[in-house]
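Residue numbers (my numbering), protein chains in the order written: chain V, 472 to 905; chain U, 17 to 460. We put the beta carbon where it would ideally sit given N, CA and C, even for glycine. Worksheet for the structure shown next.
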């Protein structure tokens, strides 16, 4: 069985599955249960500055979208940082870390953008024996209105400044948690690096309204007769998170900066994908909140089995393996030609490929009287829509054309050599350069 | 008197009222909203969907299921009822396993079709529970149309004609409307008096009057109807029952399955309905299964369906066969009745094994006797009481695709008319299509 032990910034954990800073890590009680269930580490729910704690709403904090059978696909929340006294949290962190020395305990922090405030909290965190800190520059609701959370994360200069304060006043790893509520994730990541961050973690939740109650005409979740935007997470956000992780992993300015990936990790596969895109570990919240802490067992066994199958002996073997294969559109090989192929034996004759192609794409699928569906190679641009709408996995495949054969759509010979947009004759900048 | 499975003869009260109630409860419990959402989510919204093609009434099945998915079962009901005004009953009694669900692509893929029938019921029940009738009559055309027979074909034609602005008079010899929906069909498929409730709901369209106790041969003639109305639609069903042509057929305890079912359907108290200890049903269609299963549910100890051909030739679907088997009904194949024995009342039935050569059936000479204090004949119904002058095809009234008979101004549909299977859904389609043709011919 593969060794899942992970070393992230020198913080060791028995597996790469950490619980993200969120409700599941708000209290000693929960965190102990998580560690007993097998989680490799936790990022303790965000602590605020000394003084009266924040208060939460007393109505619903969460909203969700579901599949037909109530499978939870996306969750949003309007919960703030911990609403428990700072001292209570610090005491609990200290006790838990002492009892679980082999697990990662990182403390999430969010205090006003003043150096003294940060210095003060850092001193107190140091005393807990926690393994590191995570700067919450991500929360998009509530705290942002008070100049914290994503209000900081949206200004690269602030990120750099606060990160630097922390690095100067704290001797253990500093992870900067990024908000996805920006236009280009590379800028905040670069700022974190410039400030000396040991790692970034992302994504925090995405600003969202999950649904509108059409009877009371207010967004869900509704507090009385009003609602507000909340932070969106869960399986639905994974593609967005994957891209942001990849952007940072392949950006020359941040390449190599350790990443703790967050965003819809629900199974081992999600974790493997994030790690392939450069994440050193993953943080999980929604899956645990949906199914309870035991889900980590599947993540551990699944990742381990996959690593065995692939011959990976440690997580370091495959971290970042997919990064070189993430490129810009302009570098994609325009000489690569594929055609859809329908396996008639597997086909159940629903005709979704036909409807999709005929109505919304390239009219490249023929339908016979007796519902036999076939691809018209002379029309097919290999867009993959038919594959995506087909209910039978593997029934429609994209078959690359061999070099030297003629593409019946263009009547051109498929070239062996790679050629991309940068050299394409239709590219105006190529012509301009001539 | 203590009765039970074992009490001999044809007796009432074999089971307690509670057992009877449980036995005759809904065959398929209705979906609740969540079950419907999950079931609906399985639909792939096929292009030119096979289910729709398989439906005799051409219901836009993918669309109504999508409307359920989107949280509007009422809209789904309208989509259904647009094509099939008896969509509520059809959801209950259609042999979906040989129609829409048989060709569902998920049946092909997984052997588990989208549960179209139950979804249709969910939609139509939702709408009907709201007491909503979603159709309105067009402006009056001043025409009146006679419909003979208030079964599925007649009701379907009447509703469509009324909707198009015609006035309709339905003549129904029986004291209640609904035809086989009311008097045929197993009770557990139409619980809570659904057939009658559906008729009441259908009549909300207005413009339809029903004259009970009147039919062809009982006060009416085709000539008279033609003279009084602008068009006539005949939906008189198949009133005759085929004879066994077996010795002893006249003994006590031998009766037509359709009569037994009708009596059962109309009974106020099923514990008072007598049934034999050892029941043999002769036949292989839905009526045979309905009679056999209900005998068992009434408490008969042994119930046997004796069918003269093999399983594959049986008119009842495999689902119906399995339903019968699951209720404890024994299925005998390749046997035909030769005699009913007994001293005045049936005690045994003698069956002869059959062999089929090139589709032609003959007895092998070998016989077997089965204890039977009650024998139900379910070997098919025949046209009876059709007016003179109408051309027949086979043993039914010959009609065109749009339901025209050989007589001008007279249309026919349902079981009495040629073409199509003898199913509620087919009757509804024929009634609807004839109505459209009547409308076209009266207004064109």
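Boundaries (first-last residue) of the beta strand (DSSP E) holding residue i
| i | result |
| --- | --- |
| residue 844 (chain V) | 844-846 |
| residue 393 (chain U) | 390-393 |
| residue 382 (chain U) | 376-387 |
| residue 490 (chain V) | 488-490 |
| residue 323 (chain U) | Unbroken run through residue 323 (chain U): none, as it is neither H nor E. |
| residue 800 (chain V) | Looking at the DSSP string, residue 800 (chain V) is not in any beta strand (DSSP E), and its letter there is neither H nor E. |
| residue 427 (chain U) | 426-428 |
| residue 535 (chain V) | 533-537 |
| residue 627 (chain V) | It is not in any beta strand (DSSP E) - residue 627 (chain V) instead sits in the alpha helix (DSSP H) that spans 627-640. |
Residue from the options whose Cα sits closest to the Cα of residue i
| i | options | result |
| --- | --- | --- |
| residue 498 (chain V) | V:518, V:482, V:698 and V:725 | V:518 |
| residue 362 (chain U) | U:401, U:265 and U:94 | U:265 |
| residue 301 (chain U) | U:268, U:395 and U:154 | U:395 |
| residue 247 (chain U) | U:151, U:100, U:421 and U:312 | U:421 |
| residue 423 (chain U) | U:106, U:239 and U:234 | U:239 |
| residue 844 (chain V) | U:261, U:198, U:63 and U:140 | U:63 |
| residue 436 (chain U) | U:115, U:98, U:386 and U:77 | U:115 |
| residue 852 (chain V) | V:861, V:842, V:872 and V:818 | V:872 |
| residue 193 (chain U) | U:174, U:180, U:204 and U:181 | U:174 |
| residue 588 (chain V) | V:633, V:861 and V:624 | V:633 |
| residue 513 (chain V) | V:492, V:887 and V:620 | V:492 |
| residue 575 (chain V) | V:622, V:557, V:511 and V:598 | V:511 |
| residue 551 (chain V) | V:746, V:833, V:527 and V:865 | V:527 |
| residue 472 (chain V) | V:782, V:516 and V:806 | V:782 |
Extent of the continuous alpha helix (DSSP H) run through residue i
| i | result |
| --- | --- |
| residue 133 (chain U) | 132-145 |
| residue 35 (chain U) | 33-39 |
| residue 776 (chain V) | 766-781 |
| residue 895 (chain V) | Residue 895 (chain V) -> no alpha helix (DSSP H), and no H or E assigned at all. |
| residue 217 (chain U) | 210-219 |
| residue 54 (chain U) | 49-57 |
| residue 591 (chain V) | 586-597 |
| residue 739 (chain V) | 739-747 |
| residue 500 (chain V) | 499-508 |
| residue 172 (chain U) | 168-179 |
| residue 529 (chain V) | No alpha helix (DSSP H) holds residue 529 (chain V); DSSP gives it neither H nor E. |
Min CB distance residue i to chain U below 8 Å
| i | result |
| --- | --- |
| residue 905 (chain V) | Reliability of the predicted coordinates at residue 905 (chain V) is poor, the pLDDT of 48 falling under 50, and the value obtained from them is presented with this limitation in mind. No - not a single Cβ of chain U is within 8 Å of the one on residue 905 (chain V). |
| residue 545 (chain V) | no |
| residue 822 (chain V) | yes |
| residue 814 (chain V) | no |
| residue 825 (chain V) | yes |
| residue 899 (chain V) | no |
| residue 862 (chain V) | yes |
| residue 836 (chain V) | no |
| residue 819 (chain V) | yes |
| residue 868 (chain V) | no |
Interface flag, residue i vs chain V, CB-CB below 8 Å
| i | result |
| --- | --- |
| residue 36 (chain U) | no |
| residue 421 (chain U) | no |
| residue 63 (chain U) | yes |
| residue 60 (chain U) | yes |
| residue 185 (chain U) | no |
| residue 130 (chain U) | no |
| residue 121 (chain U) | yes |
| residue 283 (chain U) | no |
| residue 125 (chain U) | yes |
| residue 57 (chain U) | yes |
Neighbour list for residue i in chain A, Cβ cutoff strictly below 8 Å
| i | result |
| --- | --- |
| residue 54 (chain U) | Protein chains V and U are contained in the structure displayed, whereas chain A is not. |
Meets three-Cβ-pair contact criterion under 8 Å: the segment 697-708 of chain V and the segment 541-555 of chain V = The segment 697-708 of chain V, when compared against the segment 541-555 of chain V, does touch it at the 8 Å Cβ threshold.
Are there three or more Cβ pairs, one per stretch, closer than 8 Å when the segment 323-337 of chain U is compared with the segment 401-409 of chain U?
-> By the Cβ rule, the segment 323-337 of chain U does not count as touching the segment 401-409 of chain U, because fewer than three pairs are nearer than 8 Å.
What are the complete alpha helix (DSSP H) segments, minimum 4 residues, inside the segment 811-875 of chain V?
-> Segments of the alpha helix (DSSP H) lying fully in the segment 811-875 of chain V: 823-831 and 856-860.
Should the segment 526-545 of chain V be regarded as contacting the segment 574-582 of chain V, the criterion being three or more beta carbon pairs within less than 8 Å?
-> Output reads no: the segment 574-582 of chain V does not touch the segment 526-545 of chain V.
Per the contact definition of three or more C-beta pairs closer than 8 Å, is the segment 528-540 of chain V in contact with the segment 473-481 of chain V?
-> Segments in contact, no.
The segment 17-31 of chain U in contact with the segment 881-900 of chain V per 3-pair CB rule at 8 Å | The segment 17-31 of chain U makes no contact with the segment 881-900 of chain V; the number of CB pairs closer than 8 Å stays below 3.
Cβ contact check for the segment 136-154 of chain U and the segment 99-112 of chain U: 3 or more pairs under 8 Å = The segment 136-154 of chain U, when compared against the segment 99-112 of chain U, does touch it at the 8 Å Cβ threshold.
Considering only residues of the segment 74-113 of chain U, which uninterrupted beta strand (DSSP E) runs meet the minimum length of 3 residues and lie entirely inside it, listed in chain order?
-> As far as the segment 74-113 of chain U is concerned, it has no whole beta strand (DSSP E) run of at least 3 residues.
Assess, as a yes-or-no matter, whether the segment 201-210 of chain U is touched by the segment 157-171 of chain U under the definition of 3 or more beta carbon pairs within less than 8 Å.
-> Cβ pair count under 8 Å is below three, so no.
Counting only runs that start and end within the segment 264-303 of chain U, where is the alpha helix (DSSP H) found for 4 or more residues in a row?
-> The segment 264-303 of chain U contains these whole alpha helix (DSSP H) runs: 273-282.
The segment 762-778 of chain V / the segment 797-817 of chain V touching (three or more Cβ pairs under 8 Å) = Taking 8 Å as the limit for Cβ pairs, the verdict is that the segment 797-817 of chain V does not touch the segment 762-778 of chain V.
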